[in-house]
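Below you'll find the structure, written out as structure tokens, and then a few comments.
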């Protein structure tokens, strides 16, 4: 028998290897969608199955597993849930993509290896964390740690310590990982719910040294003011609002102010090793909900006003109409109030003002007026005239109507008298008292100074330049409402007038109306950002009324008197208006009013002349 030569042996081995690898390569194409041998889903062999058949079996296996109850252990008790209720879902698409089919061998050598070893199907699991939290929320409560604090025991009147309380929370990341591992490995074992403990940063020992300081704070009554209203806040009557904790601050060389340290849930801080530079002090806290209740029960009704909206329209004739009126509202700034009250209690401040915010009134304006620069409410003036006679009230209403819907051009010097027009019986006015030629007497239009004084206030609060304004000869009580004397403006055809310049850069639209016994002017335009502050009134130079003036007349019966004028004290009033323009330019002007001392005047019937006859 002949032996093969070495070269022939090598050739035979190569040919055999090529035949084997070639056969495997051909099988790969023929069985490309078949699963490798020894591939398992759980304990079920799906090797050499077409991937569609394999997926059917996989889905059956997973359906059976997800149909089983999931047992969760908490505090030694077992609770059962369904996979669906826990938000667990197998991703069939990704599972199919991961099946080890012959086509995915990544090379012949790798293919041979895959055909020999045992393969476990990789299961892709998704968890809806929100659904999971909702389902297992019945097993535990999320409790924030509670710091120790001081409080007033209302029964004993003593400051006491409420000790710290640990909190707890679910480590959701760890729990989701455990849940995924269970379903990816088709593990039937129970899962134990593990809660992390949260430790407070302030202990009873931390607050105990501050009991004496807390007692001092409860001895401080704070007077709260808004306009002419006031409230006394006695901490002893509102103990539910106030608690005390501690505040840690860090002193750093080169920095004057101390920096507050934010402790983590475990009570530790990155600055803990700087204990020699950490200062611990008493920190007063006001309960947000309790403060809200206090404001609503005690303050809101006297402070807050709702905002109002206006709808402005213009007809084909160009006449302007108003439905409603824009009015800014006022609301209490609760956060600022809480801060102010807390600082007052801590620092023994006896008085604070109620901080407020403006709620802008809504304005619905047609496009043609917006093109003129009329977009928002820019000024409001109002006065009250309660107690006015009928004729005076009628004259005010007629006078106000002359200004409603008037447009003031940019740069225009607006004249009150030019717009008012003729004042007599033909224009709807009644006779009522006016001050003229050093006397008070009835004339048509008596009371129109209420209209001019109302407009003057809109001009002032709008920051508009005042070109002409005159005060009354003597102080009239109608014009002292609501802020005091010194904000009136007298007018009388043809002079004195009331004038202002429109320097806003756009048109100003005037709305004028009366409501019960109050008169209102609203100016609409475009705000350029100027701000206005009024300071006053400041009274000085009081002068008593002169002696009564007696005027004898034949129009009254002898000795009968009729009062024609009341006595008025003379005095000066100063207001200061500060206008800050958008570029920061600040101008302060003095609004000065000098009111004369005015005597009371009486008409008295002249006595009859005595007749004499010769007596013999």
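In my numbering, the protein residues as written are 208 to 823. Every residue, glycine too, gets a C-beta built ideally from N, C-alpha and C.
Residue i and residue j closer than 7 angstroms at C-beta
i: residue 606; j: residue 641; result: no
i: residue 742; j: residue 789; result: no
i: residue 740; j: residue 669; result: no
i: residue 592; j: residue 681; result: no
i: residue 806; j: residue 756; result: yes
i: residue 696; j: residue 705; result: yes
i: residue 513; j: residue 536; result: yes
i: residue 899; j: residue 443; result: Outside the modelled stretch of the chain, which goes from 208 to 823, sits residue 899, for which no answer is possible.
i: residue 654; j: residue 724; result: no
i: residue 376; j: residue 394; result: no
i: residue 187; j: residue 450; result: Nothing can be reported for residue 187: it is not among the residues displayed for the chain, which extend from 208 to 823.
i: residue 732; j: residue 711; result: yes
i: residue 621; j: residue 615; result: yes
i: residue 328; j: residue 220; result: no
i: residue 834; j: residue 703; result: A question about residue 834 goes unanswered here, because the residues of the chain that appear run from 208 up to 823.
i: residue 573; j: residue 521; result: yes
i: residue 360; j: residue 552; result: no
i: residue 693; j: residue 744; result: yes
Beta-carbon proximity list for residue i, same chain, < 6 angstroms, skipping 5 on both sides
i: residue 383; result: 334
i: residue 569; result: 516
i: residue 688; result: 591
i: residue 808; result: 756, 771 and 772
i: residue 796; result: 784
i: residue 631; result: 651
i: residue 579; result: 714
i: residue 294; result: 334, 335, 338 and 339
i: residue 779; result: 747, 748 and 801
i: residue 571; result: 518
i: residue 565; result: 535
Residue range of the unbroken beta strand (DSSP E) whose run includes residue i
i: residue 619; result: Segment: none, residue 619 is in no beta strand (DSSP E) and carries neither H nor E.
i: residue 673; result: 673-675
i: residue 516; result: 515-521
i: residue 637; result: Careful: residue 637 lies outside any beta strand (DSSP E) and carries neither H nor E.
i: residue 646; result: 646-651
i: residue 729; result: 725-732
i: residue 718; result: 715-722
i: residue 297; result: 295-297
i: residue 333; result: 332-334
i: residue 443; result: Run containing residue 443: none; DSSP gives neither H nor E here.
i: residue 253; result: From DSSP, residue 253 is part of no beta strand (DSSP E); its letter is neither H nor E.
i: residue 285; result: 284-288
i: residue 707; result: 706-708
i: residue 772; result: 768-772
Own chain residues within Cβ distance below 8 angstroms of residue i, not counting five before or after
i: residue 346; result: 279, 281, 286 and 400
i: residue 256; result: 241, 242 and 264
i: residue 498; result: 448, 541, 544, 545 and 548
i: residue 762; result: 810 and 812
i: residue 190; result: The question about residue 190 has no answer here: the residues shown for the chain are numbered 208 through 823.
i: residue 766; result: 811, 812 and 814
i: residue 292; result: 338 and 342
i: residue 258; result: 240, 241, 242, 303, 306 and 308
i: residue 596; result: 639
Anticipated Cβ contact below 8 angstroms, residue i with residue j, distance rounded
i: residue 617; j: residue 714; result: 6 angstroms
i: residue 332; j: residue 391; result: 5 angstroms
i: residue 506; j: residue 539; result: 6 angstroms
i: residue 590; j: residue 661; result: 5 angstroms
i: residue 385; j: residue 368; result: Actually they do not touch by this definition, with Cβ atoms about 40 angstroms apart.
i: residue 411; j: residue 344; result: Incorrect: roughly 31 angstroms between the Cβ atoms, too far for contact.
i: residue 637; j: residue 598; result: 4 angstroms
Span of the alpha helix (DSSP H) around residue i
i: residue 347; result: Unbroken run through residue 347: none, as it is neither H nor E.
i: residue 434; result: Unbroken run through residue 434: none, as it is neither H nor E.
i: residue 599; result: 597-608
i: residue 499; result: 495-501
i: residue 424; result: 418-425
i: residue 741; result: No alpha helix (DSSP H) holds residue 741; the beta strand (DSSP E) holding it covers 738-750.
i: residue 785; result: Run containing residue 785: none in the alpha helix (DSSP H); it sits in the beta strand (DSSP E), 777-787.
i: residue 667; result: 655-668
i: residue 509; result: 507-510
Contacts around residue i, its chain only, beta-carbon distance under 7 angstroms, and the 5 residues preceding and following it disregarded
i: residue 547; result: 559 and 562
i: residue 431; result: 437, 438, 440, 559 and 561
i: residue 754; result: 806
i: residue 730; result: 585, 586, 665, 669, 715 and 717
i: residue 508; result: none
i: residue 613; result: 626 and 717
| request: Counting only runs of 4+ residues fully inside the region 372-415, write out the alpha helix (DSSP H) ranges in chain order. | output: Segments of the alpha helix (DSSP H) lying fully in the region 372-415: 379-391 and 411-414.
| request: Output the residue ranges of the alpha helix (DSSP H) runs that lie fully inside the region 525-609 and measure 4 residues or longer, sorted by chain position. | output: Qualifying alpha helix (DSSP H) stretches, in chain order: 541-554, 574-577 and 597-608.
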